[in-house]
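Numbering that gives the first Met the number 0 puts the first residue of the sequence shown at 0, with every later residue one more than the last. A virtual CB, placed ideally from N, CA and C, is assigned to each residue, including glycine. The structure appears below as structure tokens.
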Amino acid sequence: MPLPEKTFLQFPVRIKLAAMFLNLALAGFGAANAQEAAAPPLDASLPQGFSPAPLSNGLFPSGDLQLEDPPSLEAFQAPKSTPPPVASESVVINLINHLVAKGILTQGDAADMMVQAQRDAEVARQNADTAALVAEDLSLTSDEDVVVSHIPEPVKDRLQAEISQQVIAQAKAEAWGSTNSPEWTRNMRFFSDFRTRNDFTVFPDGNDSSGSFPDFNRINRNEPFDVAGIIFSPQRNVAENRNRHRIRARFGAEMDLGDGFMFGARLASGSDINPVSTNQTLSGGFQKYQIWLDQAFLRWQGGTDRTGLKVSAGRMPNPFFRTSVNMWDDDLNFDGLAVQLNHRFNERVAPFINAGIFPVFTTLFDEPFYSPNKAKMLDKWLQAIQVGAKLTGDEDNVNAQFSGGIFHFDNIEGKLSDPYVPLTVFDAGNTDDRRPTFAQKGNTYMALRNILPDPLNDFGASRQFQYYGLASKFNILAYNARIDFNFFEPFQISLLGDISTNLAFNPDDVEAKAVNNRGPIPDGKDVGSFDGGGNAWNLGLHLGPQALTKKGDWDAHFGYRFIESDAVVDGFNDSAFGLGGTNMEGVTIGAGMAVTPRVSLNLRWMGASEITGPPLKSDIIQLDLNARF
């Protein structure tokens with residue numbers, strides 16, 4: 000309990016000190032009576048209104064003097080004789096009076112000691128009364144009674160003061176609400192996750208391994224391929240089984256900047272700049288691995304009780320509602336600007352609109368590097384808008400969400416260059432920028448360079464350095480729907496589906512320039528007819544909670560998907576099913592279980608078959624151990 004403002008010492012300590020001074024006065028000061036009469040005590044020698052300074056630490060005086068009240072003229076006059084103290088029935092009061100008379104205590108200190116003694120006595124009486132009342136109440140109660148005792152105000156004040164001091168001390172020790180760091184650092188949220196995976200890919204017998212599956216992504220990301228050469232183009236593995244040990248690590252933070260603004264960022268692992276995978280394949284000779292900037296965006300969020308608005312700029316999470324990975328892989332992030340608007344009409348209906356514009360590619364500043372004649376500016380864009388609604392049933396037993404959207408890709412398709420004769424791999428065509436910056440497999444491709452027959456290339460028999468671009472335009476209409484049945488809480492049954500069609504797909508136009516996705520070669524012809532398509536759909540069933548957050552939680556899922564060659568852009572959709580891309584159909588079955596609230600085990604199998612072209616099948620088994628922090 001802190002000392003009162005004018006308290007000299009607590010009462011018990013005062014009594015001991017007074018007794019000590021009394022003994023000393025009786026034993027050693029008797030011979031100094033004559034001097035005491037000639038020289039008054041220290042306090043008596045000071046003008047009235049002055050007193051020793053309060054104790055700086057409760058035991059030793061600081062040695063300073065403090066002016067309590069302005070001194071009067073009488074304060075500087077000769078001290079008057081102190082009348083003898085009046086006898087009292089209280090031993091304590093008599094003792095204090097004698098100490099004053101001896102000059103050991105001043106009259107002011109004596110008055111303070113008496114007031115404090117009365118306060119301490121009052122608190123002691125109240126504590127004793129409270130203890131007596133509690134004892135009496137307890138004697139009148141049974142084991143089933145709840146006793147609530149009255150605590151006097153002085154006791155409550157003392158307890159509050161002590162608790163406050165303890166909390167303040169702990170807050171200082173642990174730097175609660177420290178003001179030494181900027182305010183925004185105290186509004187940060189960190190998150191991360193880790194996954195280790197065993198990925199086993201099996202190719203059944205019967206796949207065409209004669210060189211029918213060129214790797215267009217590898218061709219387009221390196222020097223152009225000489226189609227007149229004697230070596231194979233880069234080829235995909237379609238026959239030899241593989242077992243890969245892979246990890247994924249992601250570290251992120253969100254920072255509240257105030258006034259509705261926040262900044263988000265995330266780092267992620269990954270074997271390369273692949274936009275649809277953050278997997279890092281191990282067994283690289285114990286070398287260190289790379290970390291990539293996966294997300295970095297600024298977001299403003301505002302609205303009212305019924306209406307919400309988000310505006311995001313930078314590299315951000317996918318802003319669109321989806322029920323599968325037919326169009327967008329889970330690891331894909333978007334570069335650009337997105338707006339998300341939602342409004343709640345009532346407790347059951349909440350429509351939303353998602354829209355955005357996203358740069359997919361822009362011409363490099365110095366391209367082509369090995370020519371003084373630089374390429375004209377080319378920008379590829381994704382412009383998208385999606386409209387949907389969330390529906391909530393009675394007592395939240397049945398919920399639904401659906402959407403429809405248009406996703407328009409501008410300048411993403413290939414275009415034949417002006418005629419020219421490349422003499423080396425460094426001689427660029429004026430449409431080389433039309434090739435995809437990343438691709439998986441499945442889309443239909445066309446040759447980009449219009450190479451003229453010339454004596455310098457043996458009239459087309461050599462130096463046919465070629466790049467490839469997408470043969471079809473892409474303007475995708477996509478519908479998504481999800482229905483959740485919550486009759487068995489916390490167990491949930493969900494039905495999911497989506498369907499999409501490429502409105503810009505023209506099979507006759509693609510037929511004239513396709514270099515892949517053709518059917519069997521008929522007699523008398525050099526190539527088969529084009530056999531691709533522009534539609535995709537997916538159906539799924541999910542059993543269990545939406546997230547495995549409690550130990551023992553489990554879920555299971557089943558799905559069937561069908562994705563024709565040019566329904567979506569193969570560089571952005573699922574990277575796992577059939578090793579990624581389009582022109583596939585098949586089944587996915589999986590299950591998961593929470594080992595702890597933050598660690599889960601997942602197992603899934605995916606069986607995929609190519610829809611058109613040479614035969615290609617694959618079975619992929621993935622065993623994952625996930626942890627989130």
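| Item | Value |
| --- | --- |
| If you scan the stretch 234-287 from start to end, which runs of the beta strand (DSSP E) of 3 or more residues do you find wholly inside it? | 241-257, 260-268 |
| Would you identify the three-state DSSP class for D432, choosing helix, strand or coil? | helix |
| Should I619 be counted as a contact of the ligand HEM given a C-beta to heavy atom distance under 8 Å? | The ligand content of the structure shown is nil, which means the ligand HEM is not present either. |
| Using 10 angstroms around the beta-carbon of M261, count the other beta-carbons present and answer buried if the total reaches 16, otherwise exposed. | buried |
| Using 8 Å for Cβ pairs, my map puts F333 next to G355. What's the rounded Cβ distance? | 7 Å |
| Sort R157, I352, V420 by Cα distance to G404 and report the nearest one. | I352 |
| By how many angstroms is the C-alpha of Q159 removed from the C-alpha of N32? | Since pLDDT at N32 reaches only 44, below the 50 mark, its modelled position is unreliable, and the value read off the structure follows with that caveat. Roughly 50 Å separates the two Cα atoms. |
| Quick one: which unbroken beta strand (DSSP E) runs of 3-plus residues sit fully inside the stretch 536-611? Chain order, please. | 553-562, 583-595, 598-609 |
| In angstroms with no decimal places, state the Cα-to-Cα distance between I290 and D198. | 21 Å |
| To which residues of the same chain is F486 closer than 7 Å at the C-beta, ignoring the five residues directly before and after it? | N396 |
| Please report how far the alpha carbon of G518 lies from the alpha carbon of G612, in whole angstroms. | 5 Å |
| Give the DSSP-derived three-state secondary structure of T184 in the structure shown. | helix |
| Have a look at G533 and A477 and give me their C-alpha separation to the nearest angstrom. | 12 Å |
| Just reading off the beta strand (DSSP E) that R298 is part of, what are its end residues? | 290-302 |
| Who are the Cβ neighbours of V586 in its own chain at under 6 Å, not counting the five residues just before and after it? | Y559, G606 |
| Tell me whether the stretch 427-445 and the stretch 362-374 touch, counting them as touching only if at least three CB pairs, one residue from each stretch, are closer than 8 Å. | yes |
| With DSSP collapsed to three states, give me the class of Q463. | coil |
| Return the first residue and the last residue of the alpha helix (DSSP H) that D204 is part of. | Per DSSP, D204 belongs to no alpha helix (DSSP H) and is neither H nor E. |
| Look up A24 in the DSSP assignment and say whether it is helix, strand or coil. | Unreliable positioning characterises A24 in this predicted model, as indicated by a pLDDT of 47, which lies under 50. The coordinate reading is nonetheless provided below. Of the three classes helix, strand and coil, the one that applies to A24 here is helix, per DSSP. |
| Do the stretch 307-319 and the stretch 549-557 make contact, defined as three or more Cβ pairs closer than 8 Å? | no |
| What would DSSP say about I167, mapped onto helix, strand or coil? | helix |
| Which residues bound the alpha helix (DSSP H) around D507? | 506-510 |
| Could you name the residues of the same chain whose beta carbon sits closer than 6 Å to that of A388, not counting the 5 residues immediately before and after it, in chain order? | P350 |
| Quick check on the DSSP output: what are the complete alpha helix (DSSP H) runs of length 4 or more inside the stretch 297-339, in order along the chain? | none |
| Excluding the five sequence neighbours on either side, which residues of its own chain have a C-beta within less than 8 Å of the C-beta of T362, listed in chain order? | A374, K375, M376, L377, D378, D432 |
| In angstroms, rounded to a whole number, what distance separates the CA positions of I248 and D328? | Looking at the sequence provided, one finds Ala at residue 248 rather than Ile. Rounded to whole angstroms, A248 to D328 spans 17 Å at the Cα level. |
| Quick one: what's got a C-beta closer than 7 Å to L495's C-beta in the same chain, skipping five residues either side? | T322, S323, R481, G539, H541 |
| In terms of residues, what are the limits of the beta strand (DSSP E) holding F401? | 397-409 |
| Using 8 Å as the Cβ pair cut-off and three pairs as the minimum, do the stretch 199-219 and the stretch 230-249 touch? | yes |
| Per DSSP, which one or two residues make a beta bridge with N219? | In the DSSP output, where bridge partners are listed per residue, N219 has none listed. |
| Based on the DSSP output, what are the partners of H97 in its beta bridges? | In the DSSP output, where bridge partners are listed per residue, H97 has none listed. |
| Identify, in the order they occur along the chain, each residue of the same chain with its Cβ nearer than 8 Å to the Cβ of A590, setting aside the five sequence neighbours on each side. | W553, D554, A555, H556, N601, L602, R603 |
| Should the stretch 449-456 be called in touch with the stretch 507-526, which here means at least 3 C-beta pairs below 8 Å? | no |
| Alpha carbon to alpha carbon, how far is L622 from F576? | 14 Å |
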